[in-house]
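To convert, note that position 90 of the sequence shown is 98 in the working numbering; the numbers rise steadily by one, no gaps.
Heads up, the beta-carbon is just placed ideally off N, CA and C, and yes, glycines get one too.
This report concerns only the one structure given below.
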Amino acid sequence: MAKQTQYNDIHIDHNIAIPMRDGIILRADVYRPKGEGRWPVILMRFVGDPADETHHELGAYFSRRGYVFVYNNMRGAYQSEGAFLPLINDAWGEQQDGYDSVEWAARQPWSDGKVGLFGTSVDAFAQYTTAPTRPPSLKACMPFFGSNIHETVFPNGLYRLEEHRAWAIWMALNCLESEVAPAEREAVRARLLAARADPASWVWQLPVTDTPALAGVAPWHFEHLRHQTDLAWWAQTDARTKLAEIDVPILHVGGWYDLYTNGTLEHYTGLVNQGRSARCRATQRLVIGPWQHGHCNAPTIPPPLDFGDAARLDFKALALRWFDHWLKGIDNGLAADPPVRVFLMGENRWLDLKQWPPANLTYTPFYLRHGTGQNAASLNNGHLTLEAPSTAEQPDRYTYDPADPIIGHERSSLTPQPDQREREGRLLTYTSEPLREPVVVVGPVKAVLYAASSAPDTDWLVRLCDVWPDGRSVSICDGVVRARFRNSLEKEDLLEPGKVYCYTIEMAATAQTFLPGHRIRIHVTSSDFPRYDRNLNTGGPFGVETAGQVAHNSIFHDPERPSHVVLPVMREDVILC
């Protein structure tokens with residue numbers, strides 16, 4: 009039942025019906041300036057509680073500045089009808105729902121016909137999904153911390169266990185009214201709340217696809233798990249396959265510690281190169297800060313990281329400036345801004361760039377070299393040098409037991425742990441000498457690893473760290489690959505035990521200055537649990553096994569097999585803020 013709330017300066021209509029083309033009714037709260045008039049519309053299509061204080065703050069902020077703010081729950085969420093089926097090809101109807109919601113907003117008596125899309129995470133996904141349909145009234149988008157690609161669930165073939173399942177539990181709580189009969193809701197709610205409060209009850213569950221807490225709810229969660237290697241299935245809701253159909257200015261916002269950094273960058277660079285029109289290609293903008301998922305106005309990375317006040321971004325003010333330009337036609341200097349603005353960690357300041365990645369980079373190999381042997385702080389205490397190996401060096405060996413994985417999750421929205429010292433005694437580490445000059449790394453990082461395993465399948469994870477003079481080892485970025493998917497995500501290719509293979513591992517991009525006195529460190533390991541599911545090392549099919557086996561893994565660094573990491577080192581002639 010729709011209702012109204014009145015304030016001195018704004019008017020709120022709650023639970024407004026928005027009809028979709030197939031007869032489904034979505035629901036929305038509409039915030040608008042008091043009095044008669046027509047205003048541009050900022051539309052946020054999300055899945056959270058409309059009564060949440062954050063959503064009320066957004067609605068009040070924009071409506072008090074001359075906009076109508078529409079908070080529209082997606083299909084199947086809260087009071088909206090239909091089934092919530094995120095990322096499931098066109099069964100969700102999200103492309104049509106996005107188009108219909110934009111055009112509904114443009115037709116209302118309080119609308120001037122111009123609509124902008126805005127929002128974070130799954131709402132960013134919805135924007136990327138809607139944009140290729142080109143609603144005539146859509147004039148600008150601002151997705152932040154978003155992606156809509158296969159890496160959301162299965163990056164490089166691994167299952168993003170903790171994030172995906174925790175989100176499924178949260179979404180199941182949000183969708184009880186559409187998925188669960190009234191008589192069963194309280195029992196299901198109690199079961200889901202218990203699982204949410206105790207992740208240990210499900211992260212260790214084997215087989216990994218067995219999730220008792222989600223039995224009877226969140227069918228999309230299990231549908232995702234059935235399509236690990238079906239890239240064509242995921243491509244149906246992947247904007248990267250439809251870049252040439254997108255023709256709208258987009259401000260892409262992400263974080264260096266967000267789990268979807270790659271997705272944000274791929275959408276930006278893809279549209280700069282492939283957008284439908286010259287105007288679209290020229291009006292893409294990118295902002296990346298030192299943030300984790302969903303946070304940019306108040307950095308939430310725990311100690312030892314402190315990026316200072318410069319890292320605090322008022323995202324509402326950023327959005328207001330963006331939409332003032334594109335929806336109101338205000339000449340506020342936006343058109344003259346550099347297209348790329350990224351935060352340079354280490355120096356804690358912003359860089360204004362003409363393109364991403366920057367043009368003035370030297371892609372520099374840093375080689376993994378032999379070390380002084382195992383100690384309490386490292387399995388091998390290896391060296392990292394600019395000199396490639398010229399003589400024979402023994403490989404570094406370690407054991408990976410899926411029953412005893414490395415625990416940690418650096419690029420998760422849950423509990424990032426940037427200081428790595430407590431776990432490095434279980435990792436291979438390769439560390440440079442203390443730097444005499446700053447090394448500025450801005451762009452995509454890549455590892456080339458020569459490795460062998462005793463198992464038919466295992467995982468390889470490579471991490472870049474900044475080692476401070478006081479010994480703290482701060483995670484910067486990393487990359488991972490499941491060995492069976494080293495050649496293709498669609499065709500599995502198991503290992504010949506003991507054979508050396510070359511792996512190219514794309515690590516997340518970054519912007520980091522390694523300061524004088526600091527050292528650069530590389531980790532190599534085979535697990536990062538529960539961020540990713542454990543590779544059971546058996547070569548068996550995903551999600552059905554209940555036991556694994558130990559893998560004896562080796563990393564090679566000799567003249568014929570020079571394992572290394574490639575860092576994009578910025579030259580000094582870059583234009584800085």
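Around the Cβ of ASN270, a 10 Å sphere holds 16 or more other Cβ atoms; the residue is buried. No residue range can be given for PRO464, since it is assigned to no alpha helix (DSSP H) and is classified by DSSP as neither H nor E. If the five residues before and after VAL448 are omitted, its C-beta is found closer than 7 Å to the C-beta atoms of THR521, VAL577 and MET578, all from its own chain and listed in chain order. In the DSSP assignment, ILE513 is bridged to ALA455. Look at the beta carbons and you see the region 506-516 touching the region 441-456: at least three pairs across the two are nearer than 8 Å.
Residue state for GLN520 is assigned as strand, using DSSP reduced to three classes. When secondary structure is reduced to three states using DSSP, THR370 falls in the strand class. In the three-state reduction of the DSSP assignment, ALA325 falls in the helix class, which pools H, G and I. Its chain contains PRO567 as the residues whose beta carbon lies nearer than 7 Å to that of SER398, once the 5 sequence neighbours on both sides are disregarded; these appear in chain order. One Cα belongs to PRO143, the other to ALA191, and the distance between them is close to 41 Å. Between ASP131 and MET28, the CB-CB gap reaches or exceeds 8 Å. Considered as a whole, the region 179-260 harbours 184-187, 193-205, 208-211, 227-233 and 239-243 as its complete alpha helix (DSSP H) runs of no fewer than 4 residues, in chain order. TRP210 sits close to ALA221, with the two beta carbons spaced by under 8 Å. The bridge partners DSSP lists for THR141 come to none. Secondary structure within the region 29-71: the beta strand (DSSP E) runs of 3 or more consecutive residues, fully enclosed, are 33-41 and 47-54 (chain order). Under the three-state reduction of DSSP output, HIS301 falls in the coil class, being neither helix nor strand.
DSSP links GLY124 through a beta bridge to ILE50 and ALA148. Here the C-alpha atom of THR277 lies approximately 12 Å from the C-alpha atom of ILE258. If you check the CB distance, ALA139 and ALA247 come in under 8 Å. GLY106 is the residue among ASN16, THR13, ARG73 and GLY106 whose C-alpha sits nearest the C-alpha of ILE32. Taking a cut-off of 8 Å on C-beta distances, the region 336-343 does not touch the region 320-327, as fewer than three cross pairs fall below it. The Cβ atoms of PRO413 and ARG539 do not sit closer than 8 Å to each other. A direct Cα-to-Cα measurement between ALA68 and ARG115 gives close to 22 Å.
Between the region 433-441 and the region 492-501, the count of Cβ pairs shorter than 8 Å is below three; the stretches do not touch. Rounded to whole angstroms, the Cβ separation of LEU376 and SER571 is 4 Å, and the two are in contact under 8 Å. Rounded to whole angstroms, the gap between the alpha carbons of HIS560 and THR554 is 20 Å.
Rounded to the nearest whole angstrom, the CA to CA distance from PRO117 to GLU274 is 38 Å.
Collapsing the DSSP output to three states places TYR276 in a helix.
The three-state reading of DSSP puts HIS526 in coil, since its state is none of H, G, I, E or B.
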